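First up is the structure itself, then whatever we jot down about it.
Chains as they are written, first to last, in our numbering: chain A, 179 to 318; chain B, 1264 to 1400.
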């Protein structure tokens, strides 16, 4: 990791934080991605369009950035394809049971000083670190 | 209409930030989580930038447009449900290196893993919301 990686990481983080803050004010909701996406499957009248627009913006912004900057397009999968649906199911169930993901709890919740989000973030970080340890250091 | 344009721009900033900072690359995410291996601290800088800028931006927005901001709840309940959900999410995140935002970004970029991950995540969300109840929000 070099200086430009650190600068891009902080700049990217600021874009994520400010984008989340704008979405918070405009929607009047905490715009964690798991909640914005998950609630599309439990639609309430007049509550779906803003979610679709925000998520389309996310996908457009990501793909555009990948096309413009080769470093943003770097991609290396870390799990066999057979494990991916299991990981997806766990992330889907876990984020809806726990009420948030890396953005809802990790960015918005921690950024608001919410105790429950700080606890959730420490727990999912610890669980993820333990999982990576078990998978990538077998026999350790 | 103005609100929808602002939301598209906000989403665009979010997605651009994810890609720019390398968070759409599972290898970077797993590298951060692999604290006992060749640790890659990039994600810590992303989180620091995001948390700090969100806190500052919201302090400004709450002063400027107080009525538009959701109520600030700093003492939400720390329930078994919160902890159990976070554990399940963390395990899934550690297996594949995808959390919901980057998964959707890589889905749009047609990465084969994300094309499998996102439908599975949606099924998990639907099952959870149908049989395990909605979260507190």
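Glycine included, C-beta positions come from ideal geometry on N, C-alpha and C. If you're wondering where the values come from, they're calculated on a predicted model, not measured in any experiment.
- Under the three-state reduction of DSSP, residue 1266 of chain B is assigned to helix.
- For residue 224 of chain A, there are no C-beta contacts with chain B under 7 Å, since the nearest C-beta of that chain is about 12 Å from it.
- Taking 4 residues as the shortest admissible run, the stretch 1317-1364 of chain B contains the following complete alpha helix (DSSP H) segments, listed from N- to C-terminal end: 1343-1359.
- Here residue 1302 of chain B carries a coil assignment [DSSP, helix/strand/coil].
- Collapsing the DSSP output to three states places residue 206 of chain A in coil.
- Distance from the Cα of residue 1356 of chain B is smallest, within the candidate group A:292, A:233, A:212 and A:227, for A:212.
- Contacts with chain B at 8 Å (Cβ-Cβ) include residue 281 of chain A.
- The beta-carbon of residue 1329 of chain B is placed no less than 8 Å from the nearest beta-carbon of chain A.
- Ranked by Cα distance from residue 1307 of chain B, the first of A:188, A:239 and A:251 is A:188.
- Counting only Cβ-Cβ distances below 8 Å, residue 1337 of chain B has contacts in chain A at 290, 291, 292 and 293, in chain order.
- Judged by DSSP in its simplified three-state form, residue 248 of chain A adopts helix.
- The beta carbon of residue 1324 of chain B lies closer than 7 Å to those of 1332 in the same chain, with the five residues before and after it left out.
- For residue 274 of chain A, the closest C-alpha among the options B:1381, B:1341 and B:1387 is that of B:1387.
- Under the Cβ distance rule, residue 181 of chain A does not count among the residues neighbouring chain B, no pair being separated by less than 8 Å.
- The continuous stretches of alpha helix (DSSP H) do not include residue 1372 of chain B, and DSSP gives it neither H nor E.
- According to the DSSP assignment, residue 284 of chain A belongs to no alpha helix (DSSP H), since it is labelled neither H nor E.
- Shown here, residue 1278 of chain B sits in a helix according to DSSP, grouped into three states.
- By the criterion of a C-beta distance shorter than 6 Å, residue 1369 of chain B is surrounded in its chain by 1287 and 1377, once the five residues flanking it on both sides are discounted.
- Around the beta carbon of residue 284 of chain A, a 10 Å sphere encloses 16 or more other beta carbons of the protein chains shown; the residue is thus reported as buried.
- Residue contact check for residue 263 of chain A against chain B: a CB pair falls below 8 Å.
- Taking 8 Å as the upper bound on Cβ-Cβ separation, chain A lies near residues 1367, 1368, 1369, 1370, 1371, 1372, 1374, 1375, 1376, 1379, 1380, 1381, 1382, 1383, 1384, 1385, 1386, 1387, 1388, 1389, 1390, 1391 and 1392 of the stretch 1367-1393 of chain B.
- Between the stretch 216-226 of chain A and the stretch 1291-1310 of chain B, the count of Cβ pairs shorter than 8 Å is below three; the stretches do not touch.
- Among the residues of chain B, those whose CB is under 7 Å from the CB of residue 255 of chain A are 1289 and 1376, following chain order.
- Under the three-state reduction of DSSP output, residue 254 of chain A falls in the coil class, being neither helix nor strand.
- The beta carbon of residue 1343 of chain B does not come within 8 Å of any beta carbon belonging to chain A, so the residue lies off that interface.
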